[in-house]
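In the working numbering, the protein residues as written are 1236 to 1671.
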């Protein structure tokens, strides 16, 4: 009995070898005396050639097969430079494994797909068979692989924090409440507090996990459930975590470039540009001046609006940092700047250009419990709700530390130039999307 081979194995198999393929019928071209099937598996596409199909003993089965049927095909390897990857399979026999409805809700052949995103999401199980859609999630997988490889090479320990919590790290306005054995609890909007615990054991920790924010925003960059790459480092300053972000992002891009050449081409990217360190840095004050010069009304007391941030991004053609955000525009745990009392050590990493996005937020943390309590009150967070977190600092022995959170979905979106961040998530959750 033949062992199954993958479509990507075919170029390395000798001429005249008999092979067994299994997959989906991606496309059928009937030229009368000759018929072509494109058979798709998770690795790619293979061309099956059926000569005089109506005279073949398997004609009844051949004639029954339609697009998206799952089949197994036995055939002979033929090298042909006009075929995909220079090889095709001459048909000998086949078997139907699973049938599909005819007609399909939409075609998974990219050139024929006319469905909008809502329709594609409704039939996500069909949409994921499209090579272009599938490419997104292979790129995503190798973003994660590149991140994890970098962390392990640089002596980080992976931790796993709870996603059901008693209090939010950034206040209650964007928390999803739930009932937990008669008590009110929430879905985690950040692993921030738990990362700060983790450094006391391991000094350098990371987590790749979902987080939840109940923001009623309908923009290209917002999700209710997102995936983050979170980092915290003991004995670190803001400059240290900027270097970490540079190394991490370069590793993610490099992983995608090495392993996803075909997938990038499906998204019209022939040569993925890997960012080069060090990334440019501007202060928040400088960012405000750039936005003002372009006609935007901005203040040193508030975060940049989406439009003003875009105006700043358009000044750059590479990833860059905005550093030293004002106290009035950040959450309570960011450390105040030593020489600029109205500013903090908070910083953001942004992807450049009109289609860019804020990719990370981070900075140096406050470790003095009295300062934490004061800042919590100033930002509208009741210290009582921070019980065990504040107790940790009162007990003491907490080293200076810094960290950041990176939006995985946003990184994928910017690498592939996707129109919305929802496209970068296999099953997105937004204000309007709860299924599938």
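Built from N, CA and C at the ideal position, the CB exists for glycine as well.
Straight-line gap, residue i to residue j (C-alpha atoms, nearest Å)
i	j	result
residue 1540	residue 1389	35 Å
residue 1264	residue 1488	37 Å
residue 1494	residue 1584	25 Å
residue 1447	residue 1398	9 Å
residue 1609	residue 1486	39 Å
residue 1344	residue 1273	10 Å
residue 1466	residue 1439	8 Å
residue 1334	residue 1305	6 Å
residue 1668	residue 1357	10 Å
residue 1450	residue 1530	28 Å
residue 1413	residue 1339	39 Å
residue 1302	residue 1329	15 Å
residue 1521	residue 1498	38 Å
residue 1232	residue 1428	Residue 1232 lies beyond the range of the chain shown here (1236 to 1671); nothing can be said about it.
residue 1327	residue 1378	40 Å
residue 1556	residue 1651	21 Å
residue 1381	residue 1267	48 Å
residue 1576	residue 1560	11 Å
residue 1230	residue 1371	This structure cannot speak to residue 1230, because the chain is shown only from 1236 to 1671.
residue 1653	residue 1640	21 Å
residue 1383	residue 1236	40 Å
residue 1422	residue 1251	58 Å
residue 1666	residue 1454	10 Å
residue 1615	residue 1544	25 Å
residue 1628	residue 1569	14 Å
residue 1492	residue 1359	26 Å
residue 1282	residue 1258	12 Å
Helix, strand or coil at residue i [DSSP, three-state]
i	result
residue 1608	helix
residue 1236	coil
residue 1220	No answer is possible for residue 1220: it lies beyond the span of the chain, which begins at 1236 and ends at 1671.
residue 1179	Not covered by the structure: residue 1179. The range shown for the chain is 1236 to 1671.
residue 1344	coil
residue 1442	strand
residue 1391	coil
residue 1535	coil
residue 1311	strand
residue 1278	coil
residue 1571	strand
residue 1350	coil
residue 1398	coil
residue 1644	helix
residue 1257	strand
residue 1248	coil
residue 1463	strand
residue 1380	helix
residue 1410	coil
residue 1295	helix
Cβ neighbours of residue i in the same chain (closer than 8 Å, five flanking residues each side left out)
i	result
residue 1482	1385, 1389, 1512
residue 1553	1510, 1511, 1514, 1515, 1587
residue 1280	1242, 1261, 1273, 1274, 1319, 1366
residue 1321	1246, 1314, 1315
residue 1248	1240, 1254, 1312, 1322
Sequence-distant residues of the same chain with beta carbon closer than 7 Å to residue i, five excluded per side
i	result
residue 1471	1636, 1637
residue 1571	1562, 1579
residue 1369	1363
residue 1527	1533
residue 1674	There is no way to answer for residue 1674, as the model of the chain reaches only from 1236 to 1671.
residue 1644	1458, 1461, 1462, 1656, 1659, 1660
residue 1424	1403, 1404, 1405, 1409, 1410, 1446, 1447, 1448
Residue i classed as buried or exposed, judged by whether at least 16 other C-beta atoms fall within 10 angstroms
i	result
residue 1599	buried
residue 1617	exposed
residue 1353	exposed
residue 1506	exposed
residue 1567	buried
residue 1597	buried
residue 1661	exposed
residue 1430	buried
residue 1287	exposed
residue 1277	exposed
residue 1603	exposed
residue 1400	buried
Any C-beta of chain C under 8 Å from that of residue i
i	result
residue 1510	Included in the structure is just one protein chain, with no chain C present.
Beta-carbon contacts of residue i that lie in its chain and below 6 Å, excluding the five residues immediately before and after
i	result
residue 1537	1564
residue 1325	1284, 1310, 1311, 1313
residue 1558	1516, 1518, 1582
residue 1456	1592, 1656
residue 1270	1285, 1288
residue 1337	1301
residue 1460	1445, 1447, 1664
residue 1464	1382, 1443, 1641, 1643
Contiguous beta strand (DSSP E) assignments of at least 3 residues, all confined to the stretch 1472 to 1531 | Unbroken beta strand (DSSP E) runs of no fewer than 3 residues, entirely contained in the stretch 1472 to 1531, are found at 1516 to 1518, following chain order.
Taking only runs that begin and end inside the stretch 1412 to 1440, name each unbroken alpha helix (DSSP H) of 4 or more residues, in chain order.
-> Qualifying alpha helix (DSSP H) stretches, in chain order: 1427 to 1437.
Could you pull out every unbroken alpha helix (DSSP H) segment of at least 4 residues lying fully inside the stretch 1573 to 1620, listed in chain order?
-> Uninterrupted alpha helix (DSSP H) stretches at least 4 residues long and entirely within the stretch 1573 to 1620 occur at 1604 to 1613, given in chain order.
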